[in-house]
Amino acid sequence: MKNQIRGCVKINVKGRDLYGFINAVHDNRISCFSQYVKRDCFSAEIYRSDICCIERIAREHGLELSCFEYETVSAKIIRRRKRFGIIIGMILVIAASVYFSSVVVTIDIQGNEKVSDEVILSALDEMGVRKGTPFRQINYISCENQLQITVDGLSWAGMHRTGHRLVVEVTEIVEKPEMLHSRIPCNLIASHDAKIVYTTVLDGMLLHKVDDYVLKGDMLVSGVTSDATGHTTLHHAMGTIIGIFRDEASFSGTFEQERKIPTGKTDIRRRVLLLNLDIPLYLGRNNYEICEMESISKPVTVFGLELPICIVRNKYTEYESRITELSAEELTDELMKKVYIYEKNFLSDCEILDRNIVKTEKDGTQTLNVAYRLKGDICSQKEILIK
Numbered sequence: 002m003k004n005q006i007r008g009c010v011k012i013n014v015k016g017r018d019l020y021g022f023i024n025a026v027h028d029n030r031i032s033c034f035s036q037y038v039k040r041d042c043f044s045a046e047i048y049r050s051d052i053c054c055i056e057r058i059a060r061e062h063g064l065e066l067s068c069f070e071y072e073t074v075s076a077k078i079i080r081r082r083k084r085f086g087i088i089i090g091m092i093l094v095i096a097a098s099v100y101f102s103s104v105v106v107t108i109d110i111q112g113n114e115k116v117s118d119e120v121i122l123s124a125l126d127e128m129g130v131r132k133g134t135p136f137r138q139i140n141y142i143s144c145e146n147q148l149q150i151t152v153d154g155l156s157w158a159g160m161h162r163t164g165h166r167l168v169v170e171v172t173e174i175v176e177k178p179e180m181l182h183s184r185i186p187c188n189l190i191a192s193h194d195a196k197i198v199y200t201t202v203l204d205g206m207l208l209h210k211v212d213d214y215v216l217k218g219d220m221l222v223s224g225v226t227s228d229a230t231g232h233t234t235l236h237h238a239m240g241t242i243i244g245i246f247r248d249e250a251s252f253s254g255t256f257e258q259e260r261k262i263p264t265g266k267t268d269i270r271r272r273v274l275l276l277n278l279d280i281p282l283y284l285g286r287n288n289y290e291i292c293e294m295e296s297i298s299k300p301v302t303v304f305g306l307e308l309p310i311c312i313v314r315n316k317y318t319e320y321e322s323r324i325t326e327l328s329a330e331e332l333t334d335e336l337m338k339k340v341y342i343y344e345k346n347f348l349s350d351c352e353i354l355d356r357n358i359v360k361t362e363k364d365g366t367q368t369l370n371v372a373y374r375l376k377g378d379i380c381s382q383k384e385i386l387i388k
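Using my numbering, the first residue of the sequence shown is number 2, and each one after it goes up by one.
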């Protein structure tokens, strides 16, 4: 490590008066390492600071001197001492390190689920706490109290510093659970015309059995019961009645449709995000009437550490509207996608026993009429009105 800082030079000295040269080197108290004599040649290693003295002694004794410097840290610095860009860069790095270590670079919010980060960040911004704020200017106790007052849904807030991060820990208010009116007297009625295939009743009186056919609106489970003495009891009817029923849906689309077609033109624009600063690296603006944007953010890293500098790359792709003529197969594929979405959203609780699709075309329009045979729960609650 010492040689890396002071610099080390390898010397080779040739001539007749080698031992006079060696004695003169020792008399001048010059440090030599790995020295040896071989075939009228003296070799050794010395510090860079002694090279001028070695050259003078070699001239006095009429000897031939050759030398070369080992690759050391100090040697690299000396070779690049006139490259002012490196010096300026080092100064900027040191200045940036000192600056970023004293200001808020990132705000880390922990413990929130219902209250969004944006709401908390907005409240902190009103208090003057944001990216770039010096830590010494933050009144932690005051900010914690104001967060609890200004942000609805917080019962506690705490703030502390971790390096260049400001950590905000919050605890949300636990809402009182909503009381469910599960004991309101009601009947269960049929929501479809169906054939009953399975019944189970938890409360109330069952009015139909398996293999019965019921119409929409028929009472399945009564919430009113009477005993042998004529005493009437009201129940919140509960149960599951599985039936097989039919359902229909219709999906239509035109052959001529307006589509967005890419023109092949793209525009890439970059920006630098430095704390709260948004620095554009482009001039002007594109004149795309219809476009889609793809944004990619890449933080700047040095030695594996992320700096609070982010390069944002926005790619704009231009589109134009065109009237496109679809083939019958293409339009059918689009309508079938709507059929599958309908089934996923509205028939997920039922078992599809059969699906019959009838396709018709008229006046430039294609229609898919879908007839379903389904198996599922047909119960629907109906409240019992009490005077």
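Glycine residues also receive a C-beta, built at the ideal position from the N, C-alpha and C atoms.
Query	Result
To the nearest angstrom, how far is the alpha carbon of T318 from that of G285?	17 Å
Buried or exposed: N288, going by 16 or more other Cβ atoms within 10 Å of its Cβ?	exposed
Within this structure, are the beta carbons of S227 and I379 separated by less than 8 Å?	no
Just grab the DSSP bridge partners of C9 for me.	Y48
May I have the straight-line CA-CA distance separating T255 from E362, to the nearest angstrom?	9 Å
Determine the direct distance from the alpha carbon of R49 to that of C9, and round the result to whole angstroms.	6 Å
Less than 8 Å between the C-beta atoms of K299 and I280, yes or no?	no
Less than 8 Å between the CB atoms is what I'm expecting for L216 and L208, so what's the real figure, rounded?	Contact flag wrong, Cβ pair sits at about 13 Å.
Extract the residue ranges of the beta strand (DSSP E) inside the segment 128 to 209, only unbroken runs of 3 or more that lie entirely within it.	155 to 163, 166 to 173, 187 to 191 and 195 to 204
With distances taken Cα to Cα, identify the nearest neighbour of N140 among H237, A96, N357 and G159.	G159
What do you get for C144, buried or exposed, if any count of 16 or more other CB atoms within 10 angstroms of its CB means buried?	buried
Tell me which residues share the same chain as T333 and place their Cβ nearer than 8 Å to its Cβ, disregarding the 5 neighbours each side in the sequence.	K360, Q367 and L369
Closer than 7 Å by C-beta to T134: which residues in its own chain qualify, once you throw out the five before and the five after it? Chain order, please.	V104 and V105
Less than 8 Å separating the beta-carbons of L64 and V14?	yes
Taking just the CA atoms, how far does K261 sit from E331?	16 Å
Please report the distance separating the alpha-carbon of S117 from that of L275.	23 Å
Looking at the secondary structure, which residues open and close the beta strand (DSSP E) in which K393 lies?	Nothing about residue 393 can be reported from this structure: the residues present for the chain run from 2 to 388 only.
What residue range is occupied by the uninterrupted beta strand (DSSP E) comprising D248?	M239 to T255
Measure the C-alpha to C-alpha separation of P295 and K316 and round it to an integer number of angstroms.	Residue identity differs from the one stated: residue 295 is Glu in this sequence, not Pro. About 5 Å.
So A238 and V371 are supposed to be a Cβ contact under 8 Å. How far apart are they, rounded?	The Cβ separation is near 33 Å, so there is no contact.
With H, G and I counted as helix, E and B as strand and the rest as coil, what does DSSP make of I262?	strand
Indicate the three-state DSSP secondary structure (helix, strand or coil) for I355 in the structure shown.	Inspection of the sequence shows that residue 355 is occupied by Asp rather than by Ile. Strand.
Could you check the C-alpha separation between R40 and C54 for me, to the nearest Å?	24 Å
Quick check: K132 and Y71, are their CB atoms within less than 8 Å of each other?	no
Where do the N-terminal and C-terminal ends of the beta strand (DSSP E) with A229 fall, by residue?	No beta strand (DSSP E) contains A229, which DSSP labels as neither H nor E.
Could you check what DSSP says for I291 in three-state terms: helix, strand or coil?	strand
Using alpha carbons as the reference points, say which of R314, E344, I291 and E335 lies closest to S322.	I291
In angstroms, rounded to a whole number, what distance separates the CA positions of K3 and I52?	Here K3 scores only 49 on pLDDT, less than 50, and its place in the model is too uncertain to base an answer on.
Leaving aside the five residues before and after R162 along the sequence, list all residues of the same chain whose C-beta is less than 6 Å from its C-beta, in chain order.	F136
So V26 is in the alpha helix (DSSP H); what residue range does that whole segment cover?	L19 to D28
Helix, strand or coil, according to DSSP, for S102 in the structure here?	coil
Where DSSP assigns a beta bridge to E321, which residues make up the other side?	I262
List the endpoints of the continuous alpha helix (DSSP H) containing F347.	A329 to F347
Taking the straight line between their C-alpha atoms, what separation do you get for D248 and T233?	38 Å
What is the DSSP secondary structure of G16, counted as helix, strand or coil?	coil
Would you mind sorting N357 into buried or exposed? The rule is 16 or more other CB atoms within 10 Å of its CB.	exposed
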